[in-house]
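Structure first, commentary second.
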Amino acid sequence: NAGVMQNPRHLVRRRGQEARLRCSPMKGHSHVYWYRQLPEEGLKFMVYLQKENIIDESGMPKERFSAEFPKEGPSILRIQQVVRGDSAAYFCASSQKPGVNEQFFGPGTRLTVL
Amino acid sequence: GEDVEQSLFLSVREGDSSVINCTYTDSSSTYLYWYKQEPGAGLQLLTYIFSNMDMKQDQRLTVLLNKKDKHLSLRIADTQTGDSAIYFCAESIQGGATNKLIFGTGTLLAVQP
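Residue numbers (the working numbering), protein chains in the order written: chain W, 1 to 114; chain L, 115 to 227.
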């Protein structure tokens, strides 16, 4: 059973470009969480999705950021018109059900904005 | 409020015990977790404890929870160089729809041979 997959592992963008980060949850998991880790900081919650639904986006910046988890395919975190402050590691986690809430993390995507 | 704090750095000698501490503020937390992050890698769940428990032991790991003081600790017995990593505590708050994790700032554990 493969773990949580994220791609790309490293992404370099110039200011103003778009970044698309992908996350495939573990098999059988229908809950996906996105977290951001700024340099030398802990992880901060961004958004929680179930299939085709955004449940909680309270941690998402108001502009330029969006997320989706379609019926088929991976979850996508999209950042439009990236700025240098978006440089961070973005982690995706999945869980089977929210009870114990045992979240399994992917290896992360490290975004660098030049 | 939601706030989780940890000390930034801990250095121990190989074979000694390590104790990593964490304080949290939200009394409605139901599960508390310890994650390990090695350089350039994702987070690995080490263990978790339900808030109505005081202690949980799992091989070399012992978790202690003082709910009155909102204090959580992780003890690693017989620390090895492979334990060198950043350790994050996190709390999960039940009751809402999200069950998001609130992470501490992380403690860098350095194990000296």
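Every residue gets a Cβ at the ideal spot worked out from N, C-alpha and C, and that includes glycine.
- Per DSSP, the unbroken beta strand (DSSP E) holding lysine 170/L starts and ends at 169-172.
- With distances taken between CA atoms, valine 32/W lies nearest to Lys97/W out of Glu40/W, Lys97/W and Ala89/W.
- Listed along chain W are Glu40, Glu41 and Gly42, each with a C-beta nearer than 9 Å to that of threonine 219/L.
- Here threonine 144/L is near isoleucine 207/L, since their CB atoms are less than 8 Å apart.
- Taking the beta carbon of phenylalanine 123/L as reference, no residue of chain W falls within 7 Å; the closest one sits roughly 12 Å away.
- At least 8 Å separates the CB of leucine 146/L from every CB of chain W.
- Taking threonine 195/L as reference, the option from Met167/L, Thr137/L and Ser132/L with the minimal CA-CA separation is Ser132/L.
- Against chain W, the beta carbon of lysine 214/L has neighbours under 7 Å at Tyr33, Phe45, Tyr48 and Asp56, listed in chain order.
- For asparagine 166/L, no beta strand (DSSP E) segment is defined, and its DSSP state is neither H nor E.
- Closest in C-alpha terms to serine 94/W, from the list Pro61/W, His10/W, Gln80/W and Ser24/W, comes Ser24/W.
- Between lysine 170/L and the set Ala199/L, Gln151/L and Ile190/L, the nearest pair of CA atoms involves Ile190/L.
- Three or more beta-carbon pairs separated by less than 8 Å are not found between the region 170-184 of chain L and the region 47-67 of chain W, which leaves the two stretches without contact.
- Non-local C-beta neighbours of proline 39/W in its own chain, meaning closer than 6 Å and more than five positions away in sequence, are absent.
- Between isoleucine 134/L and the set Leu188/L, Tyr149/L, Glu128/L and Ser142/L, the nearest pair of CA atoms involves Leu188/L.
- Separation of the CB atoms of threonine 139/L and glutamate 41/W is rounded to 18 Å, and the pair is thereby denied contact status at 8 Å.
- When C-beta distances to chain W are compared with 9 Å, the residues of the region 152-183 of chain L below that value are Gly154, Ala155, Gly156, Leu157, Gln158, Leu159, Tyr162 and Phe164, in chain order.
- Contact annotation: in the region 79-92 of chain W, residues whose CB is within less than 7 Å of a CB in chain L are Phe91.
- Rounded to whole angstroms, the gap between the alpha carbons of glycine 85/W and arginine 64/W is 12 Å.
- Chain-ordered, the chain L residues with CB closer than 9 Å to the CB of glycine 108/W read Gly154, Ala155, Gly156 and Leu157.
- Leucine 222/L sits close to leucine 122/L, with the two beta carbons spaced by under 8 Å.
- Taking a contact as a CB-CB distance under 8 Å, the pair glutamine 37/W and phenylalanine 91/W counts as one, their CB atoms being some 6 Å apart.
- Taking each of Ile76/W, His29/W, Glu72/W and Gly28/W in turn and checking the Cα distance to valine 47/W, the smallest one comes out for Ile76/W.
- Non-local beta-carbon contacts of cysteine 136/L in its own chain, meaning distances under 6 Å to residues more than five positions away in sequence, involve Gln120, Leu186, Cys203 and Gly218 in chain order.
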